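Enquirer:
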Amino acid sequence: MRFDFETLRLFIFVIEEGSISAASERGNFVVSAVSRRISDLERAAGTPLLLRRSRGVEPTLAGAALYRRAKIVMDHLQQIECEMSQHRDGVRGLVRLSVNLTAMAHYLPKELKSFVNRFPGVQLGLIERLSDQVSRDVFGGDADIGICAASYIDEGLSERPFRMDRLVLITPPDHPLGRRESVKFAETLDYEHVGMQDGASILALATQAAKALGRPMRLAIQVTNFEAIRNMVIAGLGIAIIPEIALAERDHSDYVTVRLDELWAERQLKLLFKPTAPLPIAAMHLLDHLCTKGDKPEICSDLVE
Numbered sequence: 001m002r003f004d005f006e007t008l009r010l011f012i013f014v015i016e017e018g019s020i021s022a023a024s025e026r027g028n029f030v031v032s033a034v035s036r037r038i039s040d041l042e043r044a045a046g047t048p049l050l051l052r053r054s055r056g057v058e059p060t061l062a063g064a065a066l067y068r069r070a071k072i073v074m075d076h077l078q079q080i081e082c083e084m085s086q087h088r089d090g091v092r093g094l095v096r097l098s099v100n101l102t103a104m105a106h107y108l109p110k111e112l113k114s115f116v117n118r119f120p121g122v123q124l125g126l127i128e129r130l131s132d133q134v135s136r137d138v139f140g141g142d143a144d145i146g147i148c149a150a151s152y153i154d155e156g157l158s159e160r161p162f163r164m165d166r167l168v169l170i171t172p173p174d175h176p177l178g179r180r181e182s183v184k185f186a187e188t189l190d191y192e193h194v195g196m197q198d199g200a201s202i203l204a205l206a207t208q209a210a211k212a213l214g215r216p217m218r219l220a221i222q223v224t225n226f227e228a229i230r231n232m233v234i235a236g237l238g239i240a241i242i243p244e245i246a247l248a249e250r251d252h253s254d255y256v257t258v259r260l261d262e263l264w265a266e267r268q269l270k271l272l273f274k275p276t277a278p279l280p281i282a283a284m285h286l287l288d289h290l291c292t293k294g295d296k297p298e299i300c301s302d303l304v305e
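Numbering (UniProt numbering), first residue to last: 1 to 305.
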């Protein structure tokens, strides 16, 4: 069976508009031409593709199956055209990123600045999300690339390393644990914690660790950013687990930083993308730019030649 791409495009319009006449207007064809092309398509398929009603048309089971496949084909063709135009005119387009707070505030600014200097025609759509939401954004097609430290990643997503992110404990200066060079997480459960909001990866890690120990984690306060956590600890309202990078270039005189002696305190921030959906060429270049091995860039050779 041979397909004509223009006929497939008109068939998609017919299904989406629910009538041949509406599809003809959308495709800028006369009604008779659209009707003839659909009839030719049905003959080629060897089965009816439409149920013709008095008020329009509906797909048969075969028609619905063809519609789904035709949409994928036409989307791929559009992507090919977009990528070829970018090769002709330079890399352009919008890359949508969904990232967690740590990546947004501390790791991405310099990386994105160097990327846009290299590819000035690329626009970046950046949104901050909780780590668990980042995975859903990428899986659902609302983001091209995600960066998070989620303990659960949706099946069907691919991962690449981005940065290792060390977690530490901070306490008020006069706190008993503040006199230590390092502590086990179990020791912190004797005290009240200041934590991030539900859905944040750090809270999820700590909650899972407490559950594994068979002990509750006492949350005195939950906040939405690291600055608020730091201020709450300084005020003596609890202790907190926080990324070490969030304390860089801060005045440390009002709190104490203690090493957290746990394997999970070295958490991996991950780059996420959906391999089953072709990435725009601009997104492929950004993913390559962000891929890391330790602190050195690593080419994602399976994505960008």
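Heads up, the beta-carbon is just placed ideally off N, CA and C, and yes, glycines get one too. Given the structure is predicted, the values throughout are model-derived calculations rather than measurements.
Quick one: what does DSSP say residue 153 is sitting in, helix, strand or coil?
Expert: Along the sequence shown, read from residue 1 onward, the residue named residue 153 stands at position 153. If DSSP states are grouped into helix, strand and coil, residue 153 belongs with coil.
Enquirer: Going by CA-CA distance only, name the one from 228, 92, 29, 168 that's closest to residue 307.
Expert: No information on residue 307 is available, as it lies outside the stretch 1 to 305 that the chain covers here.
Enquirer: Looking at residue 138 and the ligand GDP, is the gap between the Cβ and the nearest heavy atom below 8 Å?
Expert: This structure does not include the ligand GDP; it has no bound ligands of any sort.
Enquirer: With DSSP collapsed to three states, give me the class of residue 197.
Expert: Taking the first residue of the sequence shown as 1, we reach residue 197 at position 197. Coil, per DSSP.
Enquirer: Just the C-alpha distance for residue 270 and residue 42, rounded to the nearest angstrom, thanks.
Expert: If you number the sequence shown from 1, residue 270 lands on position 270. If you number the sequence shown from 1, residue 42 lands on position 42. If you take the alpha carbons of residue 270 and residue 42, they lie about 47 Å apart.
Enquirer: Should residue 201 and residue 132 be called a contact, given that it needs their Cβ atoms to be closer than 9 Å?
Expert: Start at 1 with the first residue of the sequence shown, and residue 201 comes out as number 201. Start at 1 with the first residue of the sequence shown, and residue 132 comes out as number 132. Yes, the pair counts as a contact, with Cβ atoms nearer than the cut-off.
Enquirer: Identify which residue in 235, 287, 115, 100 has its Cα closest to the Cα of residue 253.
Expert: Taking the sequence shown and counting its residues from 1, one reaches residue 253 at position 253. Checked all of 235, 287, 115, 100; the closest Cα to residue 253 is 235.
Enquirer: Just to confirm the assignment, what range does the alpha helix (DSSP H) spanning residue 288 have?
Expert: For the purposes of this step, residue 288 is taken as the residue at position 288 of the sequence shown. Where residue 288 is concerned, the enclosing alpha helix (DSSP H) stretches over 281-290.
Enquirer: To the nearest angstrom, report how far apart residue 289 and residue 115 are at their CA atoms.
Expert: Along the sequence shown, one-based indexing puts residue 289 at 289. Along the sequence shown, one-based indexing puts residue 115 at 115. Going from the Cα of residue 289 to the Cα of residue 115 covers about 7 Å.
Enquirer: Nearest by alpha-carbon distance to residue 244: which of 166, 3, 159 is it?
Expert: Residue 244 sits at position 244 when you count from the first residue of the sequence shown. Considering only alpha carbons, the answer is 166.
Enquirer: Would you mind working out which of 141, 214, 249 sits nearest residue 279, comparing C-alpha positions?
Expert: Along the sequence shown, one-based indexing puts residue 279 at 279. Among 141, 214, 249, the Cα nearest to that of residue 279 is on 141.
Enquirer: Report buried or exposed for residue 285, applying the criterion of at least 16 other Cβ atoms within 10 angstroms of its Cβ.
Expert: Position 285 of the sequence shown, counting from 1, holds the residue named residue 285. Classification for residue 285: buried.
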